[in-house]
Every structure is written in C-alpha cells, then in structure tokens.
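Scroll down for the structure; my scribbles are underneath it.
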Amino acid sequence: MRKTLLLIIISIFAITAIAQPVVTFSNLRYWTPSELAPYVGQTIRLSQPWHINSVQSGSVYGGPRRSFSPTNIALPGSSDYDRICYVNNSGLVRMSGLGFTPRMGEMLTNLVVTVNSTTSVTVVGSPQRHFTYSELNTPPNVGKRDEIVLVCCMNLCYFLVENLGSGSQGPTSSSQQTLQYSKIIDALTAIDADIYGFVEIEQGQGALQKLAQGLTHALGRQFSYINDGLSASGTWTKAGYVYCTDRIERVGSMVNVNTGVKNRKKLQTFRDKASGESFVLGINHFKAKVNGPSSGIDADQGDGQGAYNNARKVEAQAVLSSINTNLSTLSDPDILLMGDLNAYAKEDPIRVFTDAGYRDLHEMFHADTAYSYVYTYGEYTAGYLDHALANSSMAAQVCGAAAWHINSDEPYNKSYRYSAADNSKFRCSDHDPILVGIKLGDYHANNRTSFDSPEASIPIELTVEGGNYILRGATKGYLRIYSVTGVLEVNMPIDSDELIIPTSGLPQGIHIINAYGGHSTLQAKIIVR
30 MRKTLLLIII SIFAITAIAQ PVVTFSNLRY WTPSELAPYV GQTIRLSQPW
80 HINSVQSGSV YGGPRRSFSP TNIALPGSSD YDRICYVNNS GLVRMSGLGF
130 TPRMGEMLTN LVVTVNSTTS VTVVGSPQRH FTYSELNTPP NVGKRDEIVL
180 VCCMNLCYFL VENLGSGSQG PTSSSQQTLQ YSKIIDALTA IDADIYGFVE
230 IEQGQGALQK LAQGLTHALG RQFSYINDGL SASGTWTKAG YVYCTDRIER
280 VGSMVNVNTG VKNRKKLQTF RDKASGESFV LGINHFKAKV NGPSSGIDAD
330 QGDGQGAYNN ARKVEAQAVL SSINTNLSTL SDPDILLMGD LNAYAKEDPI
380 RVFTDAGYRD LHEMFHADTA YSYVYTYGEY TAGYLDHALA NSSMAAQVCG
430 AAAWHINSDE PYNKSYRYSA ADNSKFRCSD HDPILVGIKL GDYHANNRTS
480 FDSPEASIPI ELTVEGGNYI LRGATKGYLR IYSVTGVLEV NMPIDSDELI
530 IPTSGLPQGI HIINAYGGHS TLQAKIIVR
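Here our numbering is used: the first residue of the sequence shown is 30, the next is one more, and so on.
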C-alpha cells in the first residue's frame, strides 16, 4: 500500500512539473500578448518578473513589463512612439485568481498561470511578492538630512478649506475635507521638508495657512506661507509656498507669471539661514491636456501630447522669460523649477527647458524609470508630469531627486472620497510628491556615476565566469538593465549575494546595467552575443 501511494504521489508530481513549462519572453520592450498564443490551455511558469499595470475597476491587468506613457520615453510622433503605443494598447493581460489586491507597478516573480486566452490568465498558487507597505513609510533618500535643504513639490488634487467643490473638483463635504487634510498632513510631516511648493491648492490664504499651522503643530518647527494677496474663489486653484522659518527665509518679493492660466506659475528666492546660500524656486502648474478645441494650434495633434500643447509651450517660454527679466528681483542665478507641467519627459514644453540648458533631475538620477503619475483612463501607463528641472549651477548642487510613490500606484478607493479610505498618507492625492535634496554652495554635490545613491559603502562586484556575468554584494537591492538608448529592459529584485545576470531575453549587443544594494551602486556595460 505504501509503495502504491508513493508511486501515485510521484506520478502526480511528474504530471504537475510537465504541465508547467518555463516560458521566457524575448524583447520585452515590444512584447504583446500574442506571445501567449502557443500556451493557451496550458499551465506555465514565467521565468521573468511580471508587472501589475492596473488594479482599477475591480480588475487586475499585468504583463512582463510596466507600461510607460509613450512620450515619457520617446519623442512625440516618432517611430519609437508609434511602436510603444502599439504594444501599450495591446499589451494588457487580465489576471484572475491572484488572491490579493496588488499595487500598480508591483512586481511578481515565480508566477504560475493557466493561459485562458492571449488576454486572460488565471493565477495558480501564490507568486512571490517583492513589496511591503513598510518600505514606503520612509520617503526616498535624496541626501543626508542634516546637510541639505529639502524641497518638496506636490499636486494636492484640489485641497480646499473654504469653498467645497462639486463633482471631481475637491471634497464635497466637511467630512471629506477633514479626511483629505488628515491624509495630506500625514504625508507632509513624514517628508519633513524645509520648503513645500503646492499646486492645486485653493486660492486665497486659508488652505496655505491651514497646512502651515498643521506642519508647525506636527513637527514642532515654525512654518509660514507666502501671502499672494488672492482671495478664495470657488474651486479655482493656484500654486503656493509653505516654508520652515526656523531654517529658511524669503529673499525679495514673489514673481507671479500670469501668461496662460493665472496664479499657477510663481518664482521666489529663498535663503538657507545656516549657510547663507540662496536659490530660486519656481512652482508651476501648466494647462491640462484635456477638453481642447476641435481644431487649431491647441487641438490634439495626435502625436501623444494631448490638447493645449502649444499653450504649455508658451507657458514654459514665459517662465524662462520672467526669470531673465526679473534677475534683479530674484537676485540669485541658481534656479530650480518644479510642479505639474502636464507634459511628459519628451514633450515639447519640457524640451523648451532642456533646450535652454536645464537638467531633468528625474532623468539625471533615474534614467527612464521615473514616474509620478499613472494615467488610468484606458491606458494604465506611468510617467512623470511632475517635474524637477535645474539650470546648470543649480543642478551641480543637487545631491538627489525622487518621487515618493505613495499615491500614483494606489487604487482610487483609498482616496478620501471612498469608504475604504483611512487617514494615512496613501492616496492623499493622485500625484506623487517630488523631493529634491540640495547641498547649497557645494557645486560637486552630484559628482558621481549617474543613477547612484547619494551615499556609498561597500562596492558591488561584477565578474565574468564561465560565460556568465556574476553580480555580488547587492543583496536585497535591485538590478536594472538598459539598452544603449536608455530603454529599461530588466527591472528585478536581488534576493541573494550572488546573481547570474539574466541575459537570455536580451537582444545581441551592448547593454548598461545598474545594480543597487543598500547605499552601494554599480554601473557597467555588458555585451550579449
């Protein structure tokens, strides 16, 4: 009887193993679900990480790569743009049977699925997750806190205190407003910045005053706001500043750039009291991409930039012009521009700044993996509308910049409008806050390999052994592999001290690897033959 039972168990195990062929996809950049066609009706094990692209409307969609907004990584209307549009539009696979609600962007490994069709799979068993909320409780490190001026810019998604809005424009009741405030203040106190720049905050002074008072109470440091003389008017919003007066002081008056949308582009010089160094911080909120005219220069041109692209270009040009014409008022040459520009990284308004010599700090520190917003209206693509751009003298003093992903990856039902919401920082807005660490007066603050952590410790090692690239010393870190044009090809966690670099799915040629482990980083070139 025991022998018979043993044989049955072995047989079942063998059948299960045979029914799970290991599948590796080629060329992840242009992957489409058609590659699942040979496996319809089978149960397979995926050798590569699987990324969650959407968790909205009660359904989970994923694929072997995260979908990014085409104009975040490719020039509008280019052939690369067209290819990315194609794979994004056809690259979503619906997942059932997962057993938990993941976050957008979450990565799963050791995933076994039954392929129902090229657009539908059922998860078998429990895949390995590589995310816990405890990882997000602390904001990203953008420099040693006692050595930097920490700046945070955030779109507050219609923060109102006097005129409660209707529809999609802010809270519609006092209970919603209270919850919105609790969630926002939880995020802002965790960031503990020296200067905050806000967009989509109510006109007038009440909303800014409430946040300044809340930060003072929560952090035990004195915060103030800049009174721009406006009064509250319905649900119209503006850009505004709150700053810690214990450490920071205003220099001169604020410049209000009113070309295009009013009261949403501002420039202010701040001085760090400890060092005596100063810089100009611009906070901006450009015209949105939607509800444009059906014809004319501001109509959607079909190149991925949406409506009002020309209006946003004009706004960008106006900001640069205002800087040049107000140099005596601003009294400092170091310029940092932040805010929701309603344009992705490769779009025309951003190129107005980069063509003028401004550095895209997201790209500078994170290549093309940065994002601050997930567009969920049918596309489920990530990218950054929330920018940090610095002129050359300012960029030299920046030691870190990052988005804190507490909002964009969260499902809608965690926002203050829904019964599932709590008073925590998660989904306090639909945009992630952007953090920039500045070591004022140190013009070599970022003099290190691109994408490095602000600190360094034991170096990571890369060797070639038996035809394989072996990575050591990056345990509990992660690996990114890029094409020579900067396209992300592999993004995976490192769970052991020794890792064989996965090259089987990469096209032949040169690739760039970036390995991160704690505060140690490595950048190197590898050749796939």
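Every residue, glycine too, gets a C-beta built ideally from N, C-alpha and C. No experiment lies behind these values; they were computed from the predicted model shown.
Opening and closing residue of the beta strand (DSSP E) in which residue i lies
{"i": "Glu494", "result": "490 to 494"}
{"i": "Asn192", "result": "No beta strand (DSSP E) contains Asn192, which DSSP labels as neither H nor E."}
{"i": "Met283", "result": "277 to 285"}
{"i": "Ala432", "result": "427 to 432"}
{"i": "Tyr210", "result": "Tyr210 -> not in any beta strand (DSSP E); alpha helix (DSSP H) instead, spanning 203 to 220."}
{"i": "Ser125", "result": "122 to 125"}
{"i": "Val519", "result": "517 to 523"}
{"i": "Phe308", "result": "307 to 314"}
7 Å Cβ shell around residue i - same chain, five flanking residues per side excluded
{"i": "Val206", "result": "The question names Val, but residue 206 in the sequence shown is Gln. Leu189, Val190, Leu193, Pro200."}
{"i": "Leu208", "result": "Tyr445, Ala450, Asn452"}
{"i": "Ser512", "result": "Glu518, His540"}
{"i": "Lys443", "result": "Ala449, Ala450, Phe455, Arg456"}
{"i": "Gln49", "result": "Thr72, Ile73, Arg74, Val141"}
{"i": "Glu408", "result": "Asn117"}
{"i": "Gly120", "result": "Trp60, Thr61, Pro62, Gly92, Ser96"}
Separation of residue j from residue i, as counted between CA atoms
{"i": "Gly70", "j": "Val343", "result": "54 Å"}
{"i": "Glu306", "j": "Leu104", "result": "37 Å"}
{"i": "Leu390", "j": "Ile539", "result": "25 Å"}
{"i": "Ile224", "j": "Val180", "result": "5 Å"}
{"i": "Val290", "j": "Pro362", "result": "26 Å"}
{"i": "Arg558", "j": "Gln537", "result": "5 Å"}
{"i": "Arg477", "j": "Ala399", "result": "With a pLDDT of 41 at Arg477, under the threshold of 50, the modelled position of this residue cannot be trusted; read the value that follows with caution. Near 19 Å, if we compare the C-alpha coordinates of Ala399 and Arg477."}
{"i": "Ile499", "j": "Asn118", "result": "36 Å"}
{"i": "Ala430", "j": "Ala396", "result": "12 Å"}
{"i": "Lys375", "j": "Ala261", "result": "35 Å"}
{"i": "Ser486", "j": "Val319", "result": "Low confidence applies to Ser486: its pLDDT is 40, below 50, so where it sits in the model is not reliable, and the reading given next is rough at best. Roughly 47 Å separates the two Cα atoms."}
{"i": "Asp481", "j": "Gln552", "result": "Bear in mind that a pLDDT of 37 at Asp481, under 50, signals an unreliable position, so the model cannot answer this."}
{"i": "Ser479", "j": "Asp384", "result": "Annotation note: pLDDT 40 at Ser479 (below 50); position unreliable, no value reported."}
{"i": "Ala328", "j": "Ser55", "result": "38 Å"}
{"i": "Leu356", "j": "Ser282", "result": "12 Å"}
{"i": "Asp221", "j": "Thr148", "result": "44 Å"}
{"i": "Tyr337", "j": "Tyr373", "result": "13 Å"}
{"i": "Gln234", "j": "Asp257", "result": "8 Å"}
{"i": "Pro531", "j": "Arg509", "result": "11 Å"}
{"i": "Val178", "j": "Ser146", "result": "53 Å"}
{"i": "Ser351", "j": "Val284", "result": "8 Å"}
Close-in-space but distant-in-sequence residues of the same chain around residue i (CB under 6 Å, 5 per side omitted)
{"i": "Gly269", "result": "Phe227, Ile230, Leu237"}
{"i": "Gly263", "result": "Asn192"}
{"i": "Tyr68", "result": "Val144"}
{"i": "Leu140", "result": "Leu75, Trp79, Pro156"}
{"i": "Pro522", "result": "His159, Tyr507"}
{"i": "Gly243", "result": "Ile214"}
{"i": "Ile556", "result": "Ile539"}
{"i": "Gln198", "result": "Tyr187, Thr264"}
{"i": "Asp301", "result": "Val178, Leu469"}
{"i": "Gly106", "result": "Asp332"}
{"i": "Arg388", "result": "Ala419, Ala424"}
Beta-carbon spacing of residue i, residue j below 8 Å
{"i": "Thr138", "j": "Pro78", "result": "yes"}
{"i": "Asp2", "j": "Tyr404", "result": "What the structure shows of the chain is the stretch from 30 to 558, and residue 2 is not part of that stretch, so it cannot be assessed."}
{"i": "Ala241", "j": "Pro168", "result": "no"}
{"i": "Asn353", "j": "Gly386", "result": "no"}
{"i": "Arg341", "j": "Phe315", "result": "yes"}
{"i": "Asn287", "j": "Leu259", "result": "no"}
{"i": "Ser96", "j": "Asn82", "result": "yes"}
{"i": "Met423", "j": "Leu365", "result": "yes"}
{"i": "Tyr272", "j": "Lys239", "result": "no"}
{"i": "Asn497", "j": "Asp461", "result": "no"}
{"i": "Asp438", "j": "Asn184", "result": "no"}
{"i": "Leu57", "j": "Gly534", "result": "yes"}
{"i": "Gly333", "j": "Thr61", "result": "no"}
{"i": "Val280", "j": "Ser360", "result": "yes"}
{"i": "Val275", "j": "Gln251", "result": "The residue you asked about is not Val; residue 275 is Asp in the sequence shown. Their beta carbons are under 8 Å apart, which means Asp275 touches Gln251 by this criterion."}
{"i": "Leu217", "j": "His434", "result": "no"}
Endpoints, alpha helix (DSSP H) assigned at residue i
{"i": "Ser393", "result": "Per the sequence presented here, residue 393 reads as Met, with Ser not at that position. Run containing Met393: 390 to 395, per the alpha helix (DSSP H) assignment."}
{"i": "Ala241", "result": "235 to 248"}
{"i": "Thr354", "result": "338 to 354"}
{"i": "Tyr115", "result": "108 to 119"}
{"i": "Asn8", "result": "Nothing in the structure corresponds to residue 8, since the chain is present only between 30 and 558."}
8 Å contact criterion, which residue i and residue j should meet: CB distance rounded
{"i": "Ala411", "j": "Gly134", "result": "7 Å"}
{"i": "Asp526", "j": "Thr492", "result": "With 8 Å as the limit, Asp526 and Thr492 do not qualify as a contact, their Cβ atoms being about 13 Å apart."}
{"i": "Ala345", "j": "Phe382", "result": "6 Å"}
{"i": "Met367", "j": "Ile463", "result": "6 Å"}
Neighbourhood of residue i by C-beta distance below 8 Å, restricted to the same chain and skipping five residues each side
{"i": "Val89", "result": "Ile81, Ser83, Arg123, Met124, Ser125, Leu127, Thr130, Pro131"}
{"i": "Tyr447", "result": "Tyr441"}
{"i": "Ser304", "result": "Leu469, Gly470"}
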